[in-house]
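To start, the structure itself, in structure tokens.
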Ligand SMILES: [Cu+2]
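In our numbering, the protein residues as written are 281 to 652.
What follows is the structure, encoded as structure tokens:
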């Protein structure tokens, strides 16, 4: 039968971007699991969870108060131009309209059930690869959808930790979609909550999700950043920049300065804040200037004991880590990628504004600057 889907899979989605489908062959990335035994989950409770826009994270229990359930999420894929820095634009792709995509939180042994929507007005095929899931390219082989389609995937969250998810529609589409913004993260909490280095229960007062992205925005012959009509229109130029492996921008939450000023993170002295940090493509090294990581799950996986008292931690490209810090002094803390060129010149800087009383025992200016 010649369906609309078959037409889209086999031919160009849009005449202007014929490379899109010819390189992202649906056949090689899709998987048929129709012969598998059915599983009966009808006895499990279902919860619909609304997502928050990063750096915020949706409401959740740290310790599960009931048994495993099916947690339903819905995300819509967007293809739209964003402003990465003042006057610098990129044809971005994103999960649910934010870069990074929203953080999803479940408990170990819950089932995460995602409905992914690719609206008619989009031009490209997309899917989702959950690093927290098992099989079928992390779900990528079961979720490839054309514009005008939606798909629902369910997986059991068997391993606790923070994990990224990203679009991976095949071949050279994979890095292109990822560096165009299609990365997010999930946190699978142990059912009885987090534990510190001594195996004692530990909790957080606040949680923030910082998603770091490397962008590769082409310039014209005069050195000015270029703008394009659509993502496909800028594809060839962007690949040229990508092949050099030097990003033009390295940003937190989609834009230079997204987490400063009105977008700054906040805390109070005495509060424990959990920072989840993801990077889908490139290594990075978060650091809180003037603070520490009290407990850091650098690899993001909660079955490993956290490291303690860290100054800087390492997030491998393709992973998400978690750092817990109890703020002890008020002030404006810079949260940076401690490759300082990337932090200051390329954009990877955020702020945490912390209220409270200064502690002279921890630090005091013994004498103010004065002429020698
Ligand atoms: Cu995509």
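Positions of the beta carbon are idealized from the N, C-alpha and C atoms, including for glycine.
Asked, Found
"Hey, residue 459 and residue 496: beta-carbon distance below 7 Å or not?", "yes"
"Below 6 Å, is the gap between the Cβ of residue 355 and the nearest heavy atom of ligand 1?", "no"
"Do residue 383 and residue 448 have their C-beta atoms closer together than 7 Å?", "no"
"If you run the structure through DSSP and keep just helix, strand and coil, what is residue 502?", "coil"
"Just to confirm, is the Cβ distance from residue 350 to residue 400 under 7 Å?", "no"
"Using 8 Å for Cβ pairs, my map puts residue 432 next to residue 395. What's the rounded Cβ distance?", "5 Å"
"Please go through the same chain and pick out, in chain order, the residues whose beta-carbon is closer than 6 Å to the beta-carbon of residue 363, but skip the five residues on each side of it.", "369"
"Apart from the five residues just before and just after residue 487, which ones in its own chain have a Cβ nearer than 6 Å to its Cβ?", "337 and 554"
"Rounded to whole angstroms, what's the CA-CA distance from residue 498 to residue 365? Just pull it up for me.", "14 Å"
"Between the alpha carbons of residue 305 and residue 635, how many angstroms are there, rounded?", "Since pLDDT at residue 305 reaches only 47, below the 50 mark, its modelled position is unreliable, and the value read off the structure follows with that caveat. Using only the alpha carbons, I get a separation of about 53 Å."
"Could you have a look at residue 454 and say whether DSSP puts it in helix, strand or coil?", "helix"
"Would you call the segment 504-521 and the segment 602-615 touching, i.e. three or more CB-CB distances under 8 Å?", "no"
"Hey, how far is the Cα of residue 628 from the Cα of residue 582?", "26 Å"
"Give me whichever residues DSSP pairs with residue 617 in a beta bridge.", "566"
"Under 8 Å by Cβ, that's how I've got residue 373 and residue 354 pegged, so tell me the actual separation to the nearest angstrom.", "Actually they do not touch by this definition, with Cβ atoms about 18 Å apart."
"From the DSSP output, in three-state form, read off residue 286 for me.", "Confidence at residue 286 is low in this model, with a pLDDT of 48, below 50, so the placement of that residue should be treated as unreliable; the coordinate-derived value is given next. Three-state DSSP puts residue 286 in a helix."
"Going residue by residue through the segment 341-411, where are the continuous beta strand (DSSP E) segments of at least 3 residues, counting only ones entirely within it?", "350-365, 368-375, 384-387 and 391-398"
"Answer yes if the segment 402-409 comes into contact with the segment 441-456, meaning at least three C-beta pairs across the two stretches below 8 Å, and no otherwise.", "yes"
"Alpha carbon to alpha carbon, how far is residue 605 from residue 302? Give it in angstroms, no decimals.", "Confidence at residue 302 is low in this model, with a pLDDT of 37, below 50, so the placement of that residue is unreliable and no value is reported for it."
"Between residue 485 and the rest of its own chain, which residues show a CB-CB distance below 6 Å, the 5 nearest in sequence each way excluded?", "551 and 552"
"Any heavy atom of ligand 1 closer than 6 Å to the CB of residue 449?", "yes"
"Do residue 597 and residue 559 have their beta-carbon atoms positioned less than 7 Å apart in this structure?", "yes"
"Flag this pair as yes or no: are the beta carbons of residue 556 and residue 442 separated by less than 7 Å?", "yes"
"What number of angstroms, rounded off, separates the C-alpha of residue 562 from the C-alpha of residue 651?", "46 Å"
"Please report how far the alpha carbon of residue 571 lies from the alpha carbon of residue 475, in whole angstroms.", "21 Å"
"Any idea what DSSP makes of residue 448, helix, strand or coil?", "coil"
"Can you list, in chain order, the residues of its chain whose CB lies under 6 Å from that of residue 592, leaving out five sequence neighbours each side?", "565, 567 and 618"
"To the nearest angstrom, report how far apart residue 534 and residue 622 are at their CA atoms.", "14 Å"
"Please find out if some non-hydrogen atom of ligand 3 comes closer than 6 Å to the beta-carbon of residue 411.", "In terms of ligand content, the structure shown lacks ligand 3 and carries ligand 1 instead."
"So is residue 626 buried or exposed if we call it buried at 16+ other beta carbons inside 10 Å?", "buried"
"Would you mind working out which of 404, 413, 420 and 419 sits nearest residue 427, comparing C-alpha positions?", "404"
"DSSP on residue 634, reduced to helix/strand/coil?", "strand"
"Could you give the DSSP three-state label for residue 509: helix, strand or coil?", "coil"
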